[in-house]
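Chemist:
In our numbering, the protein residues as written are 465 to 743.
(1) My guess is that residue 615 and residue 608 are in contact by the Cβ rule of under 8 Å, so how many angstroms apart are they, rounded?
(2) Considering only residues of the same chain and omitting the five flanking positions on each side of residue 510, which have a CB-CB separation below 6 Å?
(3) Where do the ends of the alpha helix (DSSP H) carrying residue 581 lie?
(4) Would you decide whether residue 724 is buried or exposed? Buried here means 16 or more other CB atoms lie within 10 Å of its CB.
(5) Use the C-beta contact count for residue 560: other C-beta atoms within 10 angstroms, 16 or more gives buried, fewer gives exposed.
(6) Compare the Cα-Cα distances from residue 643 to each of 530, 500, 741 and 574 and report the closest residue.
(7) DSSP on residue 621, reduced to helix/strand/coil?
(8) What's the call for residue 519, buried or exposed, on a 16-neighbour Cβ count within 10 Å?
(9) What's the C-alpha gap between residue 645 and residue 571?
(10) Does DSSP put residue 589 in a helix, a strand or coil?
(11) Tell me the residue span of the alpha helix (DSSP H) that contains residue 490.
(12) With H, G and I counted as helix, E and B as strand and the rest as coil, what does DSSP make of residue 727?
(13) So the candidates are 494, 666, 688 and 491; which of them puts its Cα closest to the Cα of residue 676?
(14) When the distance is taken between beta carbons, is residue 641 closer than 9 Å to residue 583?
(15) List the endpoints of the continuous alpha helix (DSSP H) containing residue 556.
(16) If you run the structure through DSSP and keep just helix, strand and coil, what is residue 664?
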């Protein structure tokens, strides 16, 4: 609980370093970091435009196992598995949860033309909606290229997505004036005493960290990120920034030594062998 009393500008760069470090250990490929960045960016914009994010995380983690289970289930039972009691119970519970979520959702605040539900400047929302719509079509197209058993999961996932997305798009097109179908958190009233930065601003920080890591390796990249972020955002002295970055680099070096961990290498490592703990 005491961590919540620390300024985010001091703890955020360390948290990002640990998150990217943990993501890389999945397959130890640069693709792990890029996928984390892509999913993180998608999550940021889902939050901005009011799209639920838990399903994204759950689906990403469980999709492979669920797809495999569905394949084996249909291979063994066909569509008759839908008549099994446990499946019927799960379907009923799912429907009840959806109805309950709609029925008992919190009361909405007053909708105004100057609030988060305004219909002014909805181009960013339309672009994001178009991206999700196109992604669903691509999933359906890819699923249709395979036989029924292989393509049933992506076809169902893409189809159920369109089932909810298409009515939303129609409603967005037909609605005039402020409405619940519109949502942009960047239109929330912000305390003028607090420095405000857009989502893109902080995404550029992370992209910059990955760019430096691609050139000089992850250890130097995250060390530079911590130093610069704390210096510019927290206002610490150069000595304090150097100590903070150095401690994290030593932590990474210690972990790599005792746990034989490998970190993403940059272009520099292709030509120069760096000493511990900068490998």
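Every residue gets a Cβ at the ideal spot worked out from N, C-alpha and C, and that includes glycine.
Modeler: Reading it off the structure:
(1) Between residue 615 and residue 608 a beta carbon distance of about 6 Å is seen, short of the 8 Å cut, so the two are scored as contacting.
(2) Correct list, in chain order: 517.
(3) In the DSSP annotation of this structure, residue 581 is not part of any alpha helix (DSSP H), being labelled neither H nor E.
(4) With fewer than 16 other Cβ atoms within 10 Å, it is exposed.
(5) Residue 560 comes out exposed.
(6) For the set 530, 500, 741 and 574, the Cα lying nearest the Cα of residue 643 is the one of 574.
(7) Helix at residue 621.
(8) Exposed.
(9) Taking the CA atoms as reference points, residue 645 sits about 15 Å from residue 571.
(10) In the structure shown, residue 589 sits in a helix (DSSP, three-state: H, G or I).
(11) Segment: none, residue 490 is in no alpha helix (DSSP H) and carries neither H nor E.
(12) Assignment of residue 727 by DSSP, reduced to helix, strand and coil, places it in the coil class.
(13) Answer by Cα proximity: 688.
(14) Yes, the pair counts as a contact, with Cβ atoms nearer than the cut-off.
(15) Looking at the DSSP string, the run of the alpha helix (DSSP H) that includes residue 556 is 549-567.
(16) Three-state result, residue 664: helix.
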